[in-house]
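Before any comments, here is the structure.
Numbering (the working numbering), first residue to last: 749 to 1008.
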């Protein structure tokens, strides 16, 4: 990937897909948009995006990291240091839905971490649930080599996301990215190896300009409401299908899980 693309703010027009396999099939897709925001540019003017203030499209530090509103470089450095990658990573791009009219909910935000040769070395996945909790998964390849589109990264599921799935088993992550597109797959497997859920986010990058930000806003002016509304709508469908409700367990003390 070209360095100029990694250092330029972008929009990602994407489609999210979920397919549940058991005990009953449930499948849905929906279109959303994300910002691709270089960490080095946060705190400097970005066309079409307000920072830490209200706007049509905004980005708030408090929605990420330690959730204290602080500058986010220290948090990413702390996370990467757990895998001895803090000195290796040179550029980081955050792929996340922006706040729209002051509202935001990101089921998952992705921090794409690149080395000096612009190769993807790690992905920090910030997962949020609708109970106001968050957990971070650090995805790296074996021996911290660059990630490829053929790598499936495995991590234990330790965070409660859906009230219709147990907090157990493993996740498998796969990332593929070019200058023009991004593909992320996250699948959930039961402890016995049964595939329970397949999810994907696939989108095309575009330059972030004031005009394109305005177009994205008017195309989906209630982005957060759409995402949360669809989550509850799908939950209602699962209730109608007779899927067992799983009460939310107490969140585990650890807030970071590294891949195996």
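C-beta: ideal position from N, C-alpha, C; glycine also.
| Query | Result |
| --- | --- |
| Residues that DSSP places opposite residue 885 in a beta bridge | 873 and 1005 |
| Pairwise C-alpha distance: residue 935 and residue 769 | 11 Å |
| Best match in 960, 989 and 805 for proximity to residue 851 [C-alpha to C-alpha] | 805 |
| Exposure of residue 919, with buried meaning 16 or more beta-carbon neighbours within 10 Å | buried |
| The beta strand (DSSP E) enclosing residue 936, as first and last residue numbers | 929-937 |
| Per DSSP, the bridge partner or partners of residue 919 | 903 and 936 |
| Simplified DSSP state of residue 954, which is helix, strand or coil | strand |
| Supposed contact pair residue 1007 and residue 830 - C-beta distance, whole angstroms, cut 8 Å | That pair is no contact at about 11 Å. |
| Counted within 10 angstroms of its Cβ, other Cβ atoms place residue 845 as buried (16 or more) or exposed | buried |
| Close Cβ partners of residue 791 (< 8 Å) along its chain, the five nearest in sequence each way excluded | 799 and 819 |
| Rounded distance between the beta-carbons of residue 878 and residue 976, thought under 8 Å | 7 Å |
| Helix, strand or coil at residue 772 according to DSSP, with G and I counted as helix | coil |
| Environment of residue 750 [buried if 16+ CB atoms lie within 10 Å] | Interpretation of residue 750 is limited by its pLDDT of 46, a score under 50 that renders its predicted location unreliable; the figure taken from the coordinates is listed afterwards. Residue 750 is exposed by the Cβ-count criterion. |
| CB of residue 956 within 9 Å of CB of residue 794, strictly | yes |
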